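Heads up: the sequence shown runs through residues 6 to 136, numbered per the working numbering. Cβ atoms here follow ideal geometry from the backbone N, Cα and C, with glycine treated the same way. What you are looking at is a predicted structure, and each value in this text was computed from that prediction instead of being measured. Worksheet for the structure shown next.
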Amino acid sequence: MNWKIILYLSLASIVIGVASVFGIFNSNFMPLVMLIFSVVSGYVIAKKSNTQLFMNGVLVGLFSGILISVIQAVMFDTYLLNNKESLDGFTNITGAMPTTSVIIFLGPFIGLIYGIIAGMVASKIYKSNKK
């Protein structure tokens with residue numbers, strides 16, 4: 006594991022989390038931002054690591070998902086002010102559970118999805134550079 010790269014890439018997600026809270030990346034645009042982040046993370050992992058590339062990507066995604074969801078939950082009122090379209094989605098899925106709890110619960114799972122993408126990209130780039 007390359008913990009230094011995992012840490013740096015995960016900390017970069019703080020910028021994404023804060024940007025989403027202030028509406029720079031609204032909820033409709035966030036999947037594209039995270040996809041781009043995953044591809045860039047995969048590229049960096051492939052260039053800076055040579056072992057366990059897939060796991061490095063998965064951990065970056067997991068930690069990023071946790072960080073982004075915690076930022077959004079802690080600053081939830083500001084998030085809603087700047088992402089009004091998100092309120093409808095939260096109303097439909099939360100039920101009796103507090104919305105911030107749903108955000109914190111879903112964050113790691115969403116992060117894992119993007120981490121798998123980052124891991125696959127890293128593995129593919131590394132293998133193609135070895136040939």
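Inset, instruction - Establish whether the CB of Lys52 and some CB of chain B are separated by less than 8 Å. - result: The structure shown contains no chain B, having only a single protein chain.
Legend entry - Nearest-angstrom Cβ-Cβ length linking Ala123 and Ser46, presumed shorter than 8 Å: Your numbering for residue 123 matches position 118 in the sequence shown. Your numbering for residue 46 matches position 41 in the sequence shown. The Cβ separation is near 4 Å, so the contact holds.
Inset, instruction - State the Cα-Cα distance for the pair Leu37 and Ile29, rounded to the nearest angstrom. - result: Sequence index remark: in the sequence shown, residue 37 carries index 32 (1-based). Sequence index remark: in the sequence shown, residue 29 carries index 24 (1-based). Distance between the alpha carbons of Leu37 and Ile29: 13 Å.
Inset, instruction - Check Phe27 in the structure and name its three-state DSSP category. - result: In the sequence shown, the residue the question calls residue 27 occupies position 22. Three-state result, Phe27: coil.
Legend entry - Cβ shell of Asn7 (< 6 Å), same chain only, five flanking positions each side left out: In the sequence shown, residue 7 corresponds to position 2, counting from 1. For Asn7, where only same-chain residues beyond five positions count, the Cβ hits under 6 Å are Ser54 and Asn61.
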